[in-house]
Amino acid sequence: MDAIIRFLQDTGFYLFSQDGNWRCLIMLGIACVLLYLGIVKKFEPLLLVPIAFGMLITNLPGANMFHEIFFAGGHIHWDLIGGQPVTASLLADLHSQGVAENVLAPYIQQLMTAAQTAFSPEMVEQAIAAVTEEAGAAITPLEAQLQALVQAEQAAAYYGMTLSDITITPGLVDILYLGVKLGIYPCLIFMGVGAMTDFGPLIANPKSLLLGAAAQLGIFITFVGCRFMGFTGPESSAIGIIGGADGPTAIFVTVLLAPALLGPIAVAAYSYMALVPVIQPPIMKLLTTEKERQIVMKPLREVSKKEKIIFPIVVTIFVALLVPSAAPLIACLMLGNLFKECGITERLSKTVQNELINIVTIFLGVSVGATATGTTFLSLQTIKIMAMGVVAFSFGTAGGVLLAKFMNLFLKEKINPLIGSAGVSAVPMAARVSQMVGQKYNPGNFLLMHAMGPNVAGVIGSAIAAGVLISLYG
Amino acid sequence: MDAIIRFLQDTGFYLFSQDGNWRCLIMLGIACVLLYLGIVKKFEPLLLVPIAFGMLITNLPGANMFHEIFFAGGHIHWDLIGGQPVTASLLADLHSQGVAENVLAPYIQQLMTAAQTAFSPEMVEQAIAAVTEEAGAAITPLEAQLQALVQAEQAAAYYGMTLSDITITPGLVDILYLGVKLGIYPCLIFMGVGAMTDFGPLIANPKSLLLGAAAQLGIFITFVGCRFMGFTGPESSAIGIIGGADGPTAIFVTVLLAPALLGPIAVAAYSYMALVPVIQPPIMKLLTTEKERQIVMKPLREVSKKEKIIFPIVVTIFVALLVPSAAPLIACLMLGNLFKECGITERLSKTVQNELINIVTIFLGVSVGATATGTTFLSLQTIKIMAMGVVAFSFGTAGGVLLAKFMNLFLKEKINPLIGSAGVSAVPMAARVSQMVGQKYNPGNFLLMHAMGPNVAGVIGSAIAAGVLISLYG
Amino acid sequence: MDAIIRFLQDTGFYLFSQDGNWRCLIMLGIACVLLYLGIVKKFEPLLLVPIAFGMLITNLPGANMFHEIFFAGGHIHWDLIGGQPVTASLLADLHSQGVAENVLAPYIQQLMTAAQTAFSPEMVEQAIAAVTEEAGAAITPLEAQLQALVQAEQAAAYYGMTLSDITITPGLVDILYLGVKLGIYPCLIFMGVGAMTDFGPLIANPKSLLLGAAAQLGIFITFVGCRFMGFTGPESSAIGIIGGADGPTAIFVTVLLAPALLGPIAVAAYSYMALVPVIQPPIMKLLTTEKERQIVMKPLREVSKKEKIIFPIVVTIFVALLVPSAAPLIACLMLGNLFKECGITERLSKTVQNELINIVTIFLGVSVGATATGTTFLSLQTIKIMAMGVVAFSFGTAGGVLLAKFMNLFLKEKINPLIGSAGVSAVPMAARVSQMVGQKYNPGNFLLMHAMGPNVAGVIGSAIAAGVLISLYG
Amino acid sequence: MEYSSIFVCLMGMGTVFFGLICLIALTYLMSAVVGRGKKAAPAPVPAAPQTAGEVTPELVAAVSAALAEELGTDITGIRIVSMKKV
Amino acid sequence: MEYSSIFVCLMGMGTVFFGLICLIALTYLMSAVVGRGKKAAPAPVPAAPQTAGEVTPELVAAVSAALAEELGTDITGIRIVSMKKV
Amino acid sequence: MEYSSIFVCLMGMGTVFFGLICLIALTYLMSAVVGRGKKAAPAPVPAAPQTAGEVTPELVAAVSAALAEELGTDITGIRIVSMKKV
Ligand code: NA
Ligand code: NA
Ligand code: NA
C-alpha cells in the first residue's frame, strides 16, 4: 500500500499539484504553442520543433531529463555526472557561488532527510537553531539548513560514516547539453552553414559588407535598452545579439555570458528570424521613397573559383586576429565554406551540410529547449527579452536601409536601399524579403543576388559584434 | 632475451594459458556462433553482428579494449579515464562497495608488485600477516592484501613518495560504452525507430492498444519466475523486460538496474526478436480455433495528417506524466515520429533514421557485446536468462492472443486474435508473423495493417512497464 | 580609454608583437602552403585541408581554441575542462612531471598577478627570493616563482581565501582533441577504411602478404636512423611508423608514444602518402631490370563470398592474439570490412564509409593540425622528421621490391617486382603507381589487381609493426 | 526496497493497462477534436517496411520528394512522365 | 567589469565597421591579385540553394538513388525512361 | 625501458613476418576449408565497388553522380538517354 502511494507520488500528475509546479503546466502550453508555430506556421521548424520539444520534456515533472545542478556555478560537475554523491559541502560551495536556491533546494531536502535518519530530527533541528542564532538575522533558513548539514556531514565523517548517498542519474538532455555548454554545437552548425553559403555575391560587390555592418546597429541599440531596463552588462549583450539574427551566434554568446537566459533568447532569436517577412517590410517602406525602391542594380560580375577559395582563408585570419573571441565561429563558418569551394573535399562538404548539421541541430534544439524550465522562463525577464528582440530586429533593419541611403549620396551607381535590410542576416530569408518588396514596386527588378551580399556579410558582422561583447564581458 | 620473453608473455596466445583465460576461448566460440546466426541465419544482423564482434574483441586476452574498473561500483571514474593512477584506497573503496574481486584483482596484483619494490617483499608479507591476524577469520586473502596496500600507500605518502603509477589507457570500447552507461544510445535508437514508425494503424483503431498492453504479461510472468529462481528484484526486472521485445528498452532498463547482466540480456533480447517467427506460431495456433484465425477484419480508416502530428505529442505528455521513468524512451520515440510526421523536418527525420541510428547501433552493439566477458557470461545465470527469455516471449504472445479472444466476447466487429501476438512489439517482425499465419488459414486475409496497431502499441506498453520497474527498483 | 587599450591588447595583431609570437606568423605561412598543397596540388586533400586549417587557427594568437594544459603530463584534466580553477599546486605538479615551461608560463604569470594583488608585490618578491636562496643555484626562476606561488596559495587557504580564480574556457579544438587523445578517431577511420577495402585480391593470392611484410622495413630502418639522430625510443617509433603509410596507424601510435610530435608526424605522413607517385617510381626503376618490369601475371581466381566474410574474423583473432596492442586498429578495420562483406549490414557499411568517416576525418584533421603550435612545430626536430619520412617511404618501397625479386628466385610463376612497392599501403595510390609503371614498360600489363594484394597486406603489416612498438615502448 | 512478486505484477500490468486505456480515450478524443478522416478507405497505406519491386505510389512519392528537395521550393513543377520497370 | 553603454556601443559598432571596411579592402586586394573574372557576367549563379529548375545530372542521380533505395536490392532493374520539366 | 636498435628492428620485422606468414597459412587453410571458388576466373571483380554486370538503378545513380561530380555544377544539363551493357 505504502509502495502504491509512493508510486503515485512519483507520477507527474501528483507532482503537478506540488508547490510551484503549476508553472510546468503553463510551460507545456507554451511548448505546444511553439510546436504549433513551428509545424503549422513554419517558423524555422528545423530548430523550433526540437526546441519546443525540449521545453516540453523538461517541464514534465518527475521526468528528470535535465539537471541544472550538473552545470551549476558555471562548472561542469563531472564527478556528479559520473555518479559521485551530492555532498552538503558541495551544495554550500555552490550556494556561496550564487547558484539559485531553487536549483539546490531539492538536494538540501534529501540531505536533510538523510541527516534526520542518521542522527535524529531533534538534533538536526538544534543544529539549525544554533546556526541561526549564531549568525543573527543575516541568514536565510536555507542557509542555516545548509550550514547545519555541513556540520552533520563532518560529524558523520568523523564516525566513519557518510551522510549522503544521494546520486543523480544523468538524463539524456544532461549529456546532450554538454555540447551546448562547451560551445561545440554552434560551431558545428556554423560549419554546415558555411558549406551551404555562397560568398560569391559578397566578393563581387564588397561594398555589401558595409550594409552588413550597419545592420548590427540593432544589437547595440538593444544592448543600451536592456541596460536601461536593468539587465546586467553580460545579460544585455546576450539579449542584444538576438539582433544579429544568427541563431548559432546568439546561442554561443548566451552560453558564455548569460546561460540562465538561454531558453528565452533562443526562442526569441529563432522566432523572430521566422518573423522577418513580417517585421521588416513596414520598416523598409517607412524609410525609403517609392523611387528608391525601384532602383535597378547592375548584374554582378562572375567570381572566379580562386577568389572563392581564398576569401574564407583571408576572412578567418583577419577576423580572428581583430576579434579573437569571434575566432571559433568565424573559423568554423569559413572551414565549412572552404570545404564547399575547394572542390575536392566534396564528401566533407556534403556531410557537414547534411548529417552533421542535422544531428547537431537536434541535440542543440532539444537541450536548449530543456533549459527553459518554468522557474527560469516564466518571469518578467522573458517578456522583456521578447520585446527587446523586436527592437533588435527593427533597428538592425533600419540600420541597413539607412546606411544604403547614406551611401547613395556618394555613389554613382545607386544601391537599392531595400537590400540594406538583408544585412541583419537571417540567411536567406532577409534577402528574399528584399527581393519580394523590390519586385512589388518594380516587377522586373531582381534584387535577390544583390541582397545576398549584405545577407552573408551580416553573418560576419554579427560574429565580430559577438566577439567584441565576449571580449568585454567574457 | 628478457624483452622477448616479456613480449611473448604479452601475446594473447600466452595469456590464454593463464588462470581462468580458458573461458575466453569458449567466449570466442560463442561470438563466432553469434556471428554465424547474425550473418547466415539473419538474426537481427544489424545488432547481432556488432554485439558478437564486441564479444569477440573483449575476449581476446591482452587486447584491453574494455576496462570494467572505469565503471565499477556504478560510477564513471573520469579521473581514471583521464589518466590518473589507480590507488590502493580507491580499490579498497570499490571493494567495500561490492565490486567483484575479479575486476579488482589485476590492479591489486600490480600494486602489490609496486609495494614490494618500494618497500621489500618481506615487509609487505608482514603487513598482510598483521592485517589478517588482527581481523581474524573474517577476512579474505584479497581483502588482507588490499588493507596492507592501503597502509603501504599511506606510509609511502608520508615519505613523499607515491606508491602507484599504474594508469589505465582507455580503450576504444571504454569510450563507446560511456553512451551505454549514460543511457544515451537506447534513446537515440528509439529516435530513429520513431522516425521509421507509422502510428496510423494505431490511431485508426485505438483498441489495438489493449492488445499491446496484454502482451506485456510476459514481462511480469518472467519477473516472477526470475524471483523464484533466486534473482534479485532489479535483476528480475531487467530479465523480464526481454519480454518487451524492444532492444533499446531492454538495454536501457538493464543498464540502470542490473548492468552486470547486460551482455546476456542483450544477446537474449535480440536473438529472440529474430526468433519470433519460430516462437510465436505454435503458441498462436494452440490458443486459437481455426475459425478465429480466419476472421476477416474491415480495412482501417485513413488517418489524417493532423492526427498523426498530435498523437506523438499527446502520448509523450501522458506517458511521461504517468510513468516519469519512461519519459526518456517515450520522448525520443515520439520526437523521432514527430520529425517524420510533421512534414517540414524531413531532413532531421532522414538523418535520425539513417546515419544517426546506424552510428549509434554500431557503438551500442560493440560496447554491449564487450561487456560479455568470460567471467560474467559463462555462468549458470546466462543459461537461466536465455531460458527465461523464451518464457517472456511466449507469455507475451499468449497474453496478446488471449486478450483478443476475451475482447471478442464483447465486440460486435470481431478481432482476429492472431493480431494479438503482434503486441509483443519486435516491430515489424511480429506483425508479419500475424499476417503470415492469418494468410495460411485464409489466403485472402490481409492482417498486416491490423497487426501494426498492437505492434507499435507494444512499444509504448513495454516502455510503460519499464518505467514502472525502474521506478520501483531504480 | 583603459578599456580600449585592453581591447587592443587582446587583438591578435597586438599579440603578434609579443615575445615569441613571430613564430605564429611563420606557422600561418606554413598552414597556407599546406592548404595550397592540399587544394591545388591535391595532396590527400580530405585530410590535409582540415589539418592545415587546424594549424592556421591554432596559430592565431588570442583565439585560444586549443589549450595544451588540458592534456599536460599525459592526463586529461577533466576538472579544468569542467571549469575548475588552475591552482599553483597543480602547476607545480605538472612541472615536476616534466610538462614544458612554455605551456605553464602563461598560467604562472596570471597567478603571479593574483598573488601580488592578494598579498603585495613586495611580499611575493621576498617569497621568491627566499625560495631561490634556499635552493641555491639548482633552481630556475620559473621554478622559484612556482614554489613561492604554492606557498602563497597555502597561506591564502589558511585565511580562507582562494588565490586563484583562473579558469580556462575550453575551445572547440580542445573538445575535438579528446577523440584523438583517447585514440577513438583513428579506430573509427579504420572502420570506414575497412568498409571500403576489398581483401579479395589478398585472399586470392596470400603470398602478397609477404610483400606487405617486407615493406615495413622502412619503419624499422627509420627507427634506427632516428635513434642515431638522438630521438628517444618512443619518439623514434612514432617517426618510424610514418613509413607504414597509414595515416590512422601513425596517429594512433604517435598519440600513445610521442604526443608532442603529433603535428609534424601527421603532416609528414599525409604529405608523403600524397607524394607516393613521386617518391616510388625512381626507386622501383633502380631496383628492377626492364625484363622484370615486363613480367605478366596470371589473372587472380575469383574469391567466394564465404572466404571474404571469414577472412576479417580470422585476421582479427590472430593478429589481436599475436600483438594485442594492435587489436583496436585491426579490430576496427576488420569490423568495417565485415559490415561490407556480410551483405546484410549494408546500411551500417554505408554509414561507416561515408558520414562517420567524414565527420571523424574533419574532427581528427582539425585537432591534429591544432597541435602544431609554433613552439612545437618550428624546430630542427620537424625538419628531421620530414627528412626521416622520405627515408621511411623509400626503404619501405625498396623492401617490397627486393623481397619480390628474392621470391622470384624460388617461384615458378614469377611475380612482377613492381607490385612489391605497393606493400607500403598508401591505399590505393601505391597500387596505382605499380600499375602505371608496369604499363609503361608493357602497355598490355594490368598489375592493379595484383598490386592490391600487397597494398592491403601493408595495412595489416603496419598495424602489427605498430603493435610491436607500442608493446615495447607503451 | 523489497516488493512481493505479486505486488510488482499487479502494479505493473495495472499501470500498463491503465495507461494504455487512458491513451485509447485520449486517441478517440483527439480524433474527435481534430475531425476524423474518411471512414474505411479502400487501400490503406502499408506500414513501416519498404516493400520492393513494383512502381508503387510510395515509390513515386519518394521520387517526387527527392525531386522536390533537389529543385528547391520555389519551382512550379516537375512531373515524372513515366517510370518503367524493365 | 563595468562599461558605460555608450562606450560599448561605440566600441562595438566601431569595431564592426572597422573590421568590415578592412575586409572590403582585403577583398578588393584579393580580387586584384588573383585576377578578377569577367565583369558583369550575363547569368550569375544563384546563391545558397543549389540551383533549381532544370533536369540536371545531379537531379537524375538523386532520383535514381532514391529509386534504388526504395526498391531494395533484389529487383533486377528500373530505368527512368524520360523526365520532363512541366 | 631501453632496447637496442638492433633488437627493436629484429623483433619488429620478425613479428611482422611471423604474423603475416601465419596469416598466409591461415588464409590457405580457410580457403581450403570453405571450398575455393573457380580457379582463374576470366573477369576478376574490380576492387572496392560493390558488384558488376547489370545496368541496375544503383549503377545508373552512380554513373550519374560521377558524371555530375566530374562535370561540376555549372553544366546546364546532361541526360542519360540509355545505358547499355556491352
Ligand atoms: Na547577423
Ligand atoms: Na514491447
Ligand atoms: Na602500411
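Protein chains in written order, with our numbering: chain A, 194 to 667; chain B, 194 to 667; chain C, 194 to 667; chain D, 2 to 87; chain E, 2 to 87; chain F, 2 to 87. From the three backbone atoms N, C-alpha and C, an ideal C-beta is built for every residue, glycine too. In this text the structure is predicted, and so the values were computed from the model without any measurement.
Given the structure, does residue 617 of chain B come close to ligand 2, in the sense that its CB is under 7 Å from one of the ligand's heavy atoms?
At least one heavy atom of ligand 2 is nearer than 7 Å to the Cβ of residue 617 of chain B, so yes.
If distances are taken between C-alpha atoms only, which option among A:388, A:245, A:278, A:537 comes closest to residue 459 of chain A?
Minimum Cα distance to residue 459 of chain A is reached at A:245.
How is the alpha helix (DSSP H) around residue 355 of chain C delimited, first residue to last?
Per DSSP, residue 355 of chain C belongs to no alpha helix (DSSP H) and is neither H nor E.
Rank C:540, C:625, C:256, C:658 by C-alpha distance to the C-alpha of residue 361 of chain C and give the top, closest one.
Selected option, being the one with the closest Cα: C:256.
Please look up how many angstroms separate the CB atoms of residue 554 of chain B and residue 541 of chain C, rounded, as I've assumed it's under 8 Å.
With a Cβ gap of about 7 Å, residue 554 of chain B and residue 541 of chain C count as contacting.
With C-beta atoms as the reference, is residue 616 of chain A less than 8 Å away from residue 651 of chain A?
A contact, by the Cβ cut-off of 8 Å.
When every heavy atom of ligand 2 is checked, does at least one fall within less than 7 Å of the C-beta of residue 298 of chain B?
Residue 298 of chain B: no, Cβ never under 7 Å from ligand 2.
Return the residue from the list C:574, C:556, C:641, C:568 that minimises the CA-CA distance to residue 382 of chain C.
Closest by alpha carbon: C:556.
I need the DSSP call for residue 186 of chain C, collapsed to helix, strand or coil.
With chain C covering 194 to 667 only, the question about residue 186 of chain C has no answer from this structure.
Whole angstroms are fine: how far does the CA of residue 212 of chain A sit from the CA of residue 198 of chain A?
Straight-line Cα distance between these residues: approximately 18 Å.
Please list, in chain order, the chain B residues whose beta carbon lies closer than 8 Å to that of residue 268 of chain C.
The contacting residues are 275, 276, 277.
Helix, strand or coil for residue 51 of chain D per DSSP?
Low confidence applies here, because residue 51 of chain D scores a pLDDT of 40, under 50, leaving its location unreliable and the question unanswered by this model.
Would you kindly work out how many angstroms separate the C-alpha atoms of residue 210 of chain C and residue 378 of chain C, rounded to a whole number?
If you take the alpha carbons of residue 210 of chain C and residue 378 of chain C, they lie about 36 Å apart.
Grab the span of the alpha helix (DSSP H) containing residue 577 of chain A for me, first residue to last.
573-601 is the extent of the alpha helix (DSSP H) around residue 577 of chain A.
Distance cutoff 8 Å, beta carbons only. Does residue 598 of chain B sit that close to anything in chain D?
Not an interface residue.
Does the beta carbon of residue 430 of chain A sit closer than 8 Å to a beta carbon anywhere in chain C?
No, its Cβ sits nowhere closer than 8 Å to a Cβ of chain C.
Please confirm whether any heavy atom of ligand 3 lies closer than 7 Å to the CB of residue 660 of chain C.
No, since every heavy atom of ligand 3 falls outside the 7 Å radius drawn around the Cβ of residue 660 of chain C.
On the criterion of 16 or more Cβ atoms from any shown chain inside 10 Å, does residue 367 of chain C qualify as buried, or is it exposed?
Classification of residue 367 of chain C: buried, given that the 10 Å Cβ count is 16 or more.
Pick out the complete alpha helix (DSSP H) segments inside the segment 514-548 of chain B, 4 residues or longer, and give them in chain order.
For the segment 514-548 of chain B, whole alpha helix (DSSP H) runs of length 4 or above, ordered along the chain, are 520-534, 539-544.
Look at the Cβ atom of residue 303 of chain C, then the Cβ atom of residue 359 of chain C, and state whether they are nearer than 8 Å.
Yes, they are a contact pair.
Would you say the segment 12-25 of chain F touches the segment 401-408 of chain C, given that touching needs at least three Cβ pairs under 8 Å?
They touch, by the three-pair rule.
Kindly say whether residue 238 of chain A, judged by its beta-carbon, lies nearer than 8 Å to any beta-carbon of chain B.
Yes - at least one Cβ of chain B is within 8 Å of the one on residue 238 of chain A.
Taking only runs that begin and end inside the segment 289-368 of chain C, name each unbroken alpha helix (DSSP H) of 4 or more residues, in chain order.
Runs of the alpha helix (DSSP H) inside the segment 289-368 of chain C: 294-311, 314-328, 334-351.
Alpha carbon to alpha carbon, how far is residue 435 of chain C from residue 4 of chain E? Give it in angstroms, no decimals.
Whole-angstrom Cα-Cα distance: 53 Å.
Apart from the five residues on each side of it in sequence, which residues of its chain come closer than 8 Å, Cβ to Cβ, to residue 500 of chain B?
396.
Is residue 387 of chain C near ligand 3, judged by its Cβ being under 7 Å from some heavy atom?
No - ligand 3 has no heavy atom lying nearer than 7 Å to the Cβ of residue 387 of chain C.
Among the candidates C:322, C:290, C:635, whose CA atom is the shortest distance from the CA of residue 483 of chain C?
If we check each option's Cα against that of residue 483 of chain C, C:635 comes out closest.
In chain order, which alpha helix (DSSP H) runs of at least 4 residues are fully inside the segment 220-280 of chain A?
Runs found: 238-251, 271-274.
Look up residue 16 of chain F in the DSSP assignment and say whether it is helix, strand or coil.
Residue 16 of chain F: helix per DSSP, three-state reduction.
State yes or no: is the beta carbon of residue 606 of chain B nearer than 8 Å to at least one beta carbon in chain C?
False, the Cβ-Cβ gap to chain C never drops below 8 Å.
Does ligand 4 have even one heavy atom less than 7 Å from the beta-carbon of residue 567 of chain C?
You won't find ligand 4 in this model; what it holds is ligand 1, ligand 2 and ligand 3.
Is the distance from the Cβ of residue 301 of chain C to the Cβ of residue 339 of chain C below 8 Å?
Going by C-beta atoms, residue 301 of chain C is nearer than 8 Å to residue 339 of chain C.
Could you tell me whether any Cβ in chain A is nearer than 8 Å to the Cβ of residue 545 of chain B?
It does: the Cβ of residue 545 of chain B has a partner Cβ on chain A nearer than 8 Å.
Between the segment 413-421 of chain C and the segment 584-593 of chain C, do three or more beta carbon pairs fall short of 8 Å?
Output reads yes: the segment 584-593 of chain C touches the segment 413-421 of chain C.
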